[in-house]
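Participant: The numbering of the sequence shown is the numbering used here, which starts it at 4 and goes up by one. Virtual Cβ for every residue (Gly too), placed ideally from N, Cα, C.
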Amino acid sequence: MLRYPAMPTPVRVTVLVFALLTLLFALAAVHRLVAESGSLGAAVFFAAMAGACTLVTVSLAGRRPWAPYPAYAVSVLLATASLGLFGAITIVGLGLLVWVLWALNTRASRDWISGRRRLR
């Protein structure tokens, strides 16, 4: 029987990371809406980031040929946003950017996303 090739590990980890970010941004948005001193602008920002991370998660898991581009855009946005804070979050933001660039540009990942099959 013919089966779809398994999702490469770097892509699987990337999907899990963006799914976790979706959850965290959604919780932050709800917290900002519920908190007495929460601002509406922060809630909208967190909701937009949750939506962007959801798009990345669904597109990578759905094996769309355009899937790496939203992942690059969101990781660059998170990395540049973390630069202003100068601390552990900067390391996390830049680490995410480096991971996404490496994970989605390995040969196995590119072949899996594009749907090409290689002869072994």
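Report, in whole angstroms, the separation of the C-beta atoms of G96 and A82, which I expect to be a contact under 8 angstroms.
Facilitator: 4 angstroms
Participant: Applying the 10 Å Cβ sphere with the 16-neighbour rule, what's the burial state of V101?
Facilitator: exposed
Participant: Can you tell me whether P8 is buried or exposed, with buried defined as 16 or more other CB within 10 angstroms of its CB?
Facilitator: exposed
Participant: Can you give the Cα-Cα distance for V47 and R113, rounded to whole angstroms?
Facilitator: Note on geometry: alpha-carbon atoms of V47 and R113 lie some 33 angstroms from one another.
Participant: Indicate whether F49 and R67 have their beta-carbon atoms separated by less than 9 angstroms.
Facilitator: no
Participant: Whole-angstrom Cβ separation of V18 and L63, contact assumed at under 8 angstroms?
Facilitator: Going by Cβ atoms, the distance from V18 to L63 rounds to 5 angstroms, so yes, they are a contact pair.
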